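Chains as they are written, first to last, in the working numbering: chain V, 1 to 440; chain L, 441 to 666; chain G, 667 to 965. Note sheet for the following structure.
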Amino acid sequence: MTKPAPHLRESHLFDRAAIHEIQRAANEGIYRIRGFGAKRAVPHFDDLVFLGASMSRYPLEGYRERCDTDVVLGSRFAKKPLHLQIPITIAGMSFGSLSARAKEALGRGANEVGTSTTTGDGGMTDEERGHSNQLVYQLLPSRYGMNPDHLRKADAIEVVVGQGAKPGGGGMLLGQKITKRVAEMRTLPEDIDQRSACRHPDWTGPDDLEIKIEELRELTGWEKPIYVKVGATRTYYDTLLAVKSGADVVVVDGMQGGTAATQECFIEHVGIPTLPAVRLAADALKELGVHRRGVQLIVSGGIRTGADVAKAIALGADAVSIGTAALIALGDNRPDLEDEYEKIGTAAGFYEDWQAGNDPAGITTQNPELEKRLDPVKAGHRLANYLRVLTLEAQTLARACGKSHIHHLEPEDLQALTIEAAAMARVPLAGTGWIPGQGF
Amino acid sequence: MDAIDLATTTTRDLNARLQAEAPRSNAAYEVLHPGGRHALACGLTAPIAVTLRGHVGYYCAGMNQNATVTVEGNAGVGVAENMMSGLVRVKGDASQSAGATGHGGLLVIEGSASARCGISMKGIDIVVKGSVGHNSAFMAQAGRLVVCGDAEDGLGDSLYEAVIYVAGKTGKLGADCEEQEMTEDDRKTVAELLARAGLTGDPASFRRFGSARQLYNFKIDNVGSY
Amino acid sequence: MCGIVGLYLKNPELRGELGALFSPMLIEMSGRGPDSAGIAVYRGEEEGAAKVVAYHPDLDFGWQALAGELADALGAPVSATQVANHAILAGGASPMVLRDAVFAQSAGVRVMSAGRSLEIYKDIGLPKDVLQRFLVQGMAGSHAVGHTRMATESAVSTEGAHPFNTGDDLCLVHNGSLSNHNGLREWLATHKGIPFQTDNDSEVAAAYLTWRLSEGANLAEALEAALVDLDGFYTFAIGTKDGFAVLRDPIACKPAVMAETDDWVAMASEFRALAGLPGIETATVWEPRPATVYAWGRA
């Protein structure tokens with residue numbers, strides 16, 4: 001790209017991206033559909049910092065002095081809760097949006113480090129169940145591929161009310177990704193653009209969800225933890241209602257959460273960020289007396305580093321979930337495929353057209369030629385490496401705060417660098433003791 | 441026939457007992473005093489016969505496989521939801537979302553069904569002696585819905601490849617649902633489904649409804665349907 | 667989100683058992699609504715007195731003193747009968763006059779209902795506890811409407827519980843979630859002078875009906891107008907002096923079941939709330955259709 005002459009001034013509102021989008025809409029007559037999560041800047045965990053050791057608080061030695069990271073999910077009602085070795089899980093992503101090899105790689109990587117993966121809007125594949133020791137099975141509005149045998153084979157069930165990228169939207173899979181196998185699993189004709197329901201077909205509202213959860217427990221002998229997942233909107237009320245309707249685990253996905261395909265306007269303009277959402281969800285659990293005492297909270301949406309993991313836990317999460325980051329660890333947006341990205345009109349680090357199914361890395365595609373490029377064993381190992389790094393980073397920060405278990409991190413270990421982050425996380429603005437809206 | 445009285449048995453104990461039947465069992469049960477309780481006889485896998493003597497609540501026979509479940513009364517929301525195979529018969533009326541997302545098997549409703557009968561069906565066959573409520577067969581993907589009575593507004597809204605047969609009146613049809621020609625094959629299909637359901641009816645009196653397939657790939661001109 | 671129930675006794679001989687028949691219906695809906703419960707009972711209209719049921723959180727609140735102040739303000743005798751943290755205030759020319767007089771007393775008293783036969787009791791807690799607190803089991807009367815609450819977007823509070831009293835002897839319970847109530851609340855409060863006590867969407871629905879009725883619509887017309895002006899998901903049960911009405915929104919995702927015999931008409935969110943009524947085995951059982959007003963009663 002040649003740089004524009006220095007006297008030219010770009011509009012902040014009508015910048016090149018905005019102009020391009022208006023022109024594209026005028027040409028095509030359809031909203032922009034893309035994958036990935038929100039790309040614009042919103043207050044996030046980067047605006048918080050930990051208070052490490054000091055004269056009054058003493059750190060733990062690395063390696064020798066334990067900082068445990070295990071987490072139990074579903075201790076409330078399930079006979080067989082999940083025991084994870086790390087507080088990071090792999091979020092729900094469908095076979096269909098992802099290639100079979102990508103799903104296999106996710107399972108392998110999660111297994112290597114002792115955590116769980118999650119099915120998506122399309123049901124459970126044999127590869128997934130075969131390669132993932134702990135598999136969470138999603139119950140979505142579409143019910144594509146829903147099967148009681150799979151329900152019984154799962155280790156937990158996640159009732160999906162919504163996701164962060166599109167709270168209120170249903171699944172989306174475009175024709176180019178509806179191959180024979182995908183079509184069969186979803187009972188759809190090949191090559192059509194899948195239309196999905198945004199509400200569940202047989203219940204609406206937490207009072208009826210309570211009855212649905214009862215059925216799910218009856219179907220599975222009360223063995224498996226039931227999660228309820230919401231996109232972050234009215235998170236405080238949603239968490240209260242999820243608990244009241246019987247959830248063992250509440251999953252909150254902030255607006256930065258990724259998707260394989262939805263309208264851009266949905267991704268960027270609906271839902272609140274993960275930062276305030278964690279705090280709101282934790283508040284609700286504390287009010288009910290079940291925080292860290294019965295109902296667990298998993299948080300997702302823009303988790304990238306061990307610092308993000310530790311901060312989410314400090315604000316009240318029991319675990320976090322990664323989607324976009326997991327795909328990047330597998331190889332999405334790899335710089336060595338730069339030429340390929342250029343051919344499809346994008347660049348490494350910018351590629352977001354996961355809906356198109358032409359992913360050079362073979363991850364968000366159903367094209368067998370492209371899928372071949374992903375070696376599930378190697379990719380699985382890369383994911384395991386990344387998960388280990390996240391865990392080690394989080395432990396490093398926790399030890400610096402004197403914690404022998406990562407769950408002992410608390411909001412008082414944090415301070416904020418901006419007024420918004422201070423208000424949203426309800427921690428003091430560094431150096432001032434001030435929490436906006438709360439006083440001193 | 442073994443009798444289980446829900447006046448003195450919990451739902452869990454009922455289901456545990458029914459679900460524990462061996463894969464080839466042909467046992468027969470009657471369930472007394474169901475009293476509108478939920479999730480009764482759900483998750484069955486063996487080809488047993490279960491008769492519930494009274495009205496049941498939500499999700500009766502949910503995710504049924506192979507079993508024959510009869511409700512001698514009315515059924516609440518989502519009867520036979522996501523059924524995979526087998527037969528579920530409701531002698532009275534069925535509430536909303538009857539047979540929702542069902543993949544196989546046969547659901548017979550001898551009374552009427554309310555809204556969203558067969559919503560998102562994925563291969564189940566549903567035969568209703570009475571009428572069906574609004575938005576029935578909404579987003580129905582596969583399977584057959586036979587309605588001997590009337591169908592209210594919104595029938596087959598956003599229909600995929602499921603086929604609907606109605607003998608009585610229809611209201612305003614749903615988006616992308618159109619009346620289609622009843623062929624000899626269709627009449628045979630209706631006859632066969634009525635026979636399997638144990639109901640009488642003249643196949644020639646039924647009209648066929650299917651997808652116009654205009655919403656299969658997004659076109660801006662269809663924006664009014666979205 | 668919630669459970670709602672209604673029972674209208676056609677057979678006068680059953681009226682002594684209203685509370686005994688109604689209580690198990692409400693308790694059966696506890697799962698749908700563990701936060702709070704409320705009952706609207708219609709009784710005592712033969713006496714013809716204007717009555718207001720009021721609430722104060724302090725069990726030692728001076729109800730007799732308040733009754734005295736109201737009597738002075740109205741120039742007519744006013745009696746007070748305490749029932750737990752509620753009290754029945756009776757007297758005065760009309761229910762609305764009595765209600766306005768109570769509002770004018772600032773002492774932290776909240777009005778639960780106003781009418782000549784309607785009495786509303788509501789409080790936080792499990793349905794069985796609320797019923798016990800207000801001695802509902804032993805009540806006689808012609809009909810009752812009740813609600814068990816799982817609060818969605820507003821606080822769990824006594825005032826936030828349903829039923830909501832709208833006009834004389836009129837009350838509403840709601841299962842569902844409205845989506846355009848905030849703008850409507852603002853307009854009704856600012857331009858129609860309707861007082862609101864909560865942030866609850868259901869209170870807005872009740873106020874909307876009051877407004878329509880005050881402009882001359884009958885109940886059916888007011889409910890038909892509600893179908894146009896209210897957006898969201900709802901099953902409403904409305905109690906009137908002579909019976910009750912039921913309305914579901916056009917999409918009708920929230921449940922509703924009706925049952926009828928020669929002796930009674932009943933409605934509930936789930937059939938199991940009706941399963942204990944005498945004669946249910948041979949009752950006519952059906953579901954109300956969407957966007958259709960149903961009404962039962964003497965008029």
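For every residue, glycine included, the Cβ atom is placed at its ideal position computed from N, Cα and C. Only a predicted model underlies this, so the values are computations on that prediction, with no experimental measurement involved.
Query                                                                                                                             : Result
Residue nearest to G246/V in terms of C-alpha spacing, selected from Q438/V, G439/V, L48/V, R76/V                                 : R76/V
beta-carbon R101/V near the ligand ATP non-hydrogen atom, thresh 7 Å                                                              : The ligand ATP is not among the ligands present in this structure, which contains no ligands whatsoever.
Test: A663/G CB closer than 8 Å to a CB of chain L                                                                                : In the structure displayed, chain G extends from 667 to 965; residue 663/G sits before or after that span and is not available.
Burial state of Y63/V, where buried means 16 or more other Cβ atoms lie within 10 Å                                               : exposed
Assigned exposure category for H574/L - 16 Cβ within 10 Å defines buried                                                          : buried
Distance between Y874/G and G672/G (C-alpha atoms, nearest Å)                                                                     : 21 Å
I693/G and N841/G closer than 8 Å at C-beta                                                                                       : no
Sheet register partners of N841/G (DSSP bridge)                                                                                   : T901/G
Unbroken beta strand (DSSP E) run spanning R493/L, endpoints                                                                      : 489 to 493
Meets three-Cβ-pair contact criterion under 8 Å: the region 845 to 857 of chain G and the region 868 to 882 of chain G            : yes
Nearest candidate by alpha-carbon position, reference T233/V, set D248/V, M255/V, D202/V                                          : M255/V
Within chain V, the residues that T818/G reaches when beta carbons sit closer than 7 Å                                            : Y237, L241
Range of the contiguous beta strand (DSSP E) that encloses C668/G                                                                 : 668 to 675
The region 519 to 527 of chain L in contact with the region 915 to 924 of chain G per 3-pair CB rule at 8 Å                       : no
Other residues of its chain near P225/V: CB distance less than 7 Å, five sequence neighbours each side excluded                   : L73, G74, A78, P81, L82, A156, D248, V249
The region 7 to 16 of chain V contacting the region 369 to 384 of chain V, beta-carbon criterion three pairs below 8 Å            : no
Selection of the region 518 to 539 of chain L by Cβ proximity to chain V, strictly under 9 Å                                      : G518, E521, N522, M524, Q536, S537
Contact set between the region 912 to 936 of chain G and chain L, restricted to residues whose Cβ is under 7 Å from the partner   : A918, P921, E936
Spatial distance of G109/V from A384/V (CA atoms)                                                                                 : 4 Å
Sufficient close CB pairs (3 or more, under 8 Å) joining the region 109 to 118 of chain V to the region 385 to 393 of chain V     : yes
Where the alpha helix (DSSP H) containing R152/V begins and where it ends                                                         : 148 to 153
For Y236/V and I213/V, the rounded distance between their alpha carbons                                                           : 21 Å
Residue from E887/G, A925/G, D834/G, P954/G with nearest C-alpha to G714/G                                                        : D834/G
The region 601 to 632 of chain L: positions lying closer than 7 Å to chain V by Cβ                                                : E601
K177/V beta carbon less than 8 Å from that of Q415/V                                                                              : no
Simplified DSSP assignment, three categories, for K39/V                                                                           : coil
Member of N884/G, L801/G, E947/G, M816/G whose CA lies at the smallest distance from the CA of H473/L                             : E947/G
K717/G, enclosing beta strand (DSSP E) - first and last residue                                                                   : 717 to 721
Residue-chain proximity (G741/G, chain V), Cβ-Cβ < 8 Å                                                                            : no
Under the three-state DSSP convention, the category A965/G falls into                                                             : With a pLDDT of 44 at A965/G, under the threshold of 50, the modelled position of this residue cannot be trusted; read the value that follows with caution. Coil, per DSSP.
Residue closest to P700/G, alpha-carbon to alpha-carbon, out of H828/G, G781/G, P743/G, C837/G                                    : H828/G
Where N111/V sits in the DSSP three-state scheme                                                                                  : helix
Where the region 628 to 657 of chain L meets chain V: residues whose CB sits under 8 Å from a CB there                            : L655, Y656, N657
C-alpha distance - A310/V paired with Q395/V, whole-angstrom precision                                                            : 8 Å
Contacts around I860/G, its chain only, beta-carbon distance under 6 Å, and the 5 residues preceding and following it disregarded : L854, A873
C-beta neighbour in chain V for R698/G, strict 8 Å                                                                                : yes
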